[in-house]
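Have a look at the structure below before the remarks.
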Amino acid sequence: MDLCPRCAVSSAYPKESNMADYPNPSGRQRRFGNRDDERAVAIDETDSLIASNKVEGTAVYNHQGERLGSIMNFMVDKRSGEVEYAVMSFGGFLGMGQEYYPLPWDILDYDTEQGGYVVDLDEADLEHAPRYEASSEPVYDQAYMTSVQGYYGL
Numbered sequence: 153m154d155l156c157p158r159c160a161v162s163s164a165y166p167k168e169s170n171m172a173d174y175p176n177p178s179g180r181q182r183r184f185g186n187r188d189d190e191r192a193v194a195i196d197e198t199d200s201l202i203a204s205n206k207v208e209g210t211a212v213y214n215h216q217g218e219r220l221g222s223i224m225n226f227m228v229d230k231r232s233g234e235v236e237y238a239v240m241s242f243g244g245f246l247g248m249g250q251e252y253y254p255l256p257w258d259i260l261d262y263d264t265e266q267g268g269y270v271v272d273l274d275e276a277d278l279e280h281a282p283r284y285e286a287s288s289e290p291v292y293d294q295a296y297m298t299s300v301q302g303y304y305g306l
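The numbering of the sequence shown is the numbering used here, which starts it at 153 and goes up by one.
As structure tokens, this is what we get:
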């Protein structure tokens with residue numbers, strides 16, 4: 153056993169350990185790179201969980217199969233940890249003139265065949281939907297949440 157250089161206590165694992173040799177109570181897949189700088193952990197997805205980096209960039213379609221935009225990021229409630237909105241980017245060219253639409257998470261359905269989210273909207277609906285440009289991001293407070301949810305009938 154070696155001393156941990158950060159905390160000066162004996163480490164529980166040998167210096168060149170393979171984490172696959174140790175029990176994993178969660179049952180999730182673990183994969184570690186070398187000890188120097190790679191500590192990537194791959195966690196298998198389940199039917200109800202997905203990694204945030206796989207949501208960002210995912211296409212958003214309407215029911216006619218037309219691509220409306222893609223998920224730029226999403227907003228998480230600090231207290232509950234629940235996703236409240238996905239922010240969809242739409243239009244623009246090379247980041248110029250792009251608009252962002254906060255879509256309540258509850259209106260998005262993932263379609264495995266299309267490999268993206270489907271919403272019951274079309275471009276005409278987006279003309280009046282709450283949106284903003286990168287230079288004028290809103291304050292995501294209760295009043296804003298209420299107006300967005302009201303637009304979508306939630």
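By construction, the Cβ of each residue, glycine as well, lies at the ideal position given by its N, Cα and C atoms.
Checking the DSSP bridge columns, you'll see Gly268 partnered with Asp263. The shortest CA-to-CA distance from Val207 to any of Gly233, Phe242, Tyr253, Gly267 is the one to Gly267. If the five residues before and after Ser299 are omitted, its C-beta is found closer than 7 angstroms to the C-beta atoms of Pro282, all from its own chain and listed in chain order. CA-CA distance, Leu306 to Asp272, rounds to 13 angstroms. For Ser241, the enclosing beta strand (DSSP E) starts and ends at 235 to 242. Ser222 is positioned such that its CB atom lies closer than 8 angstroms to that of Val212. With a 10 Å radius around the Cβ and a threshold of 16 neighbouring Cβ atoms, Leu201 comes out exposed.
Here the alpha carbon of Met224 sits roughly 19 angstroms from the alpha carbon of Thr264. Rounded to whole angstroms, Tyr304 and Gly209 show a C-alpha spacing of 22 angstroms. When Tyr296, Tyr269, Leu255 are compared, the shortest CA-CA separation from Asp277 is found for Leu255.
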